[in-house]
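Contents: one structure, followed by commentary.
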Amino acid sequence: MKTSAMEPIRFLARDEMQRIHETAKQVLNRIGMKVDHVKALEYLCNAGCKVDMDTRQVRFPEEVVEAAVARMRANFANPARWPKRMSVRYSQVRFDAQPFKVHEDFSVNAGGFCCFIWDMEGQRRNATMADVRQALRLADKLDQITYTGLPCAAQEVPIAIRPVVMAAELAKTTRKLGGIETFKPQDVEYVSRIGEVVAGGREAHRKNPVLVGYGEARTPLCIDEVMVDVMLAHLERGLPQSLDTMPNAGATAPATAAGTLALGIAETLGGLVLGFAVDPNATLTIDVTPGYCDMRSMVFGYAGPERFSLMSARIQMISEFYGCPSGVHGGKTNSCVPGIQIGVEKCATMLAAVLGGAIGFGTVGHLENALTFSPQQLVIDNEIARYVRRCVRGVEVTDDTLAYDVIAATGINGNTIDSDHTALHYRDEQLLSPFFDIPVWGRGDSLDRERFERRAREKVKELLAQETEPPLTPDQEKAIDEIVAEAKRDLTQR
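In this text, residue positions in the sequence shown follow the working numbering: the first is 520, and each later residue adds one.
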C-alpha cells in the first residue's frame, strides 16, 4: 500500500518562523525569566546567563540560546543517539530527525489524569480506583490507541502518593505505556523505579524510557521551584526532558497567535538552556501547548477554530523550524457533555494535528477541556481516529488499482458489484465502521438519535468483558507493589 505524499499544512512562511524565533530570543535576552531555584540559577550562571540571585531573574544571551538549539539539533541528527522516541504528556516525541510531512502512522494517546468521570449512566462524579482500572483496560483493548497514561486519577488516593499509585496501576494493566504526572521530585524517584522494573533495569529504562513525567513553566516567564526539581530529578536519572508551557492568549500571553507562540517558545527554550547547563549530554527537546482564553468564561480552551491554525503553526515551529518531531494536543473538546459540538471539535482537532505534520496527538476520551474522562467517549474517539487515519491515506496508482481490465470487462452500462476485483479491494478502500455507517431511512436504528452513544456504551461493556493478559510477570508485579508500599511509608509522612 502506498503511503501518503501529502505535504502538511503550513500556516507560516520560513521568514515568519524566523521572526518568531528572533522575538523569543529577545524575550529571553531583554526580559528574561524568573527561575525560583538556587541550584538552577547556579547552573545557568555557569552557562553564561546573567543571573540576579536576589530577584532570581535570569537573562539569556542570544548566543547561549543559539548554542543550546544547535546542540539539540545536532543530537537529533546523530543516528547513534538513544533513546529514539518516548511517549510523554499528551502524545509522543521522537529524538531523531524526521521529514516534516503528514504522518499516516500517527500515534493516538489516551491519558490526562482527569479528576472527574462521565460514567456509563451519564453522571459526572469524582473518579475512583475502579474507574482507573476500567479506563486502562479499555484503552488497552482499543485498536487505535497507541499509548495511554492515566485517563483518570483515583481521587480517594491521597495526593502525596497519587502519581506513584497511578503509575503502578498503569504498569500492571497495559503495555501501551504513556506518560505520567509527577508533582514533586520524590514522585520521580518512585515512578522511575517502577519504569525500571518494567524495562528490565536502569540502563534499559534509559534506552527505552517509559513512565516519564515532565516540568512545566508557569506562564508568563516563570519556572517554579518544584517544577525545576521535577526536571532535574529526571535529568539526574538520565531520562529525556523538555520544559512544557501553556501560554494562554489574552490572559497570560498576547491575544495574538504570533505573540503567544513567541512567548511559549521563549519559555521552552529557557528550559532547554537549563537542561544542557545541568547535563551537556542530556536528551532534550522543546514543547509548547498554546491556547486562547475564552473571554466569556475565562477558560483556557482546548478546541475552537482559532486553535486549528495556532496548533498547526506550533507543530510547524517545533517540528520543521527546530527539527523536533513531536505530537500535539488533538481529539479535544470544550464541551461539558456529549453532543454535536464534541464531534465537530474532536475531529477538527485531530485533523489539525495530523494535517499540520504532528507525529501523534492526544489525549483522547475527554470532555470539558480534559477535566472529565468518559469511557464511552474514548470508544467514540477511537473511531474518530480511525476515520481520520483513513482521511489522510494516500491513493495508490498501479496497474491493479487503475483496473483497466475491470473497466473493459464491465463495458458500457454494466456494474462491478459481483467483480472479483471489488471483492478483493472494497474492504481496504472503504472505512466500514460500525459507528459511521450509511443507514437507510427507517431501517434498523437509523432514526435513533442516541444510537451513537448507545453503540459506544455497548462497545465499552463488550471490551471490558474480555479477558486481559497481564503485561508483567508475577515477580515484576511484586516488585512494583513493594515500591508503592515504600512510597506510601515515605511520602505520607512528609
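Glycine included, C-beta positions come from ideal geometry on N, C-alpha and C.
With a threshold of 16 other beta carbon atoms within 10 Å, Gly720 falls short and is exposed. Taking the C-beta atoms as reference points, Val621 is found no nearer than 7 Å to Val959. The three-state reading of DSSP puts Asp615 in coil, since its state is none of H, G, I, E or B. Buried is the label assigned to Trp637, since at least 16 other Cβ atoms lie within 10 Å of its Cβ. By the C-beta criterion, the region 883-891 is judged to be in contact with the region 847-864, since at least 3 inter-stretch pairs fall below 8 Å. Cys564 carries a helical assignment under DSSP once its states are collapsed to helix, strand and coil.
Between Phe625 and Val873, the CB-CB gap stays under 7 Å.
For Gln545, DSSP records no beta bridge to any residue.
For Ile899, the enclosing alpha helix (DSSP H) covers residues 894-910. Taking C-alpha positions only, Asp939 is separated from Glu948 by approximately 14 Å. With a threshold of 16 other beta carbon atoms within 10 Å, Gln1012 falls short and is exposed.
Annotation for Glu640: no residue places its beta carbon closer than 7 Å to its own, counting only its chain and skipping 5 residues before and after.
Under a 10 Å Cβ-count criterion, Gln895 is classified as buried, with 16 or more other Cβ atoms of the shown protein chains found around its own Cβ. No Cβ-Cβ contact shorter than 7 Å links Ala672 with Ile664. Spanning the alpha carbons of Leu951 and Ile903 requires a straight line of approximately 13 Å.
Beta-bridge partners of Gln576 (DSSP): Lys553, Asp571.
Taking C-beta atoms as the reference points, Val584 and Leu788 count as a pair closer than 7 Å. Assignment of Phe595 by DSSP, reduced to helix, strand and coil, places it in the helix class.
DSSP, reduced to helix, strand and coil, places Tyr733 outside both helices and strands of the structure shown, so it counts as coil. DSSP lists no beta-bridge partner residue for Tyr945.
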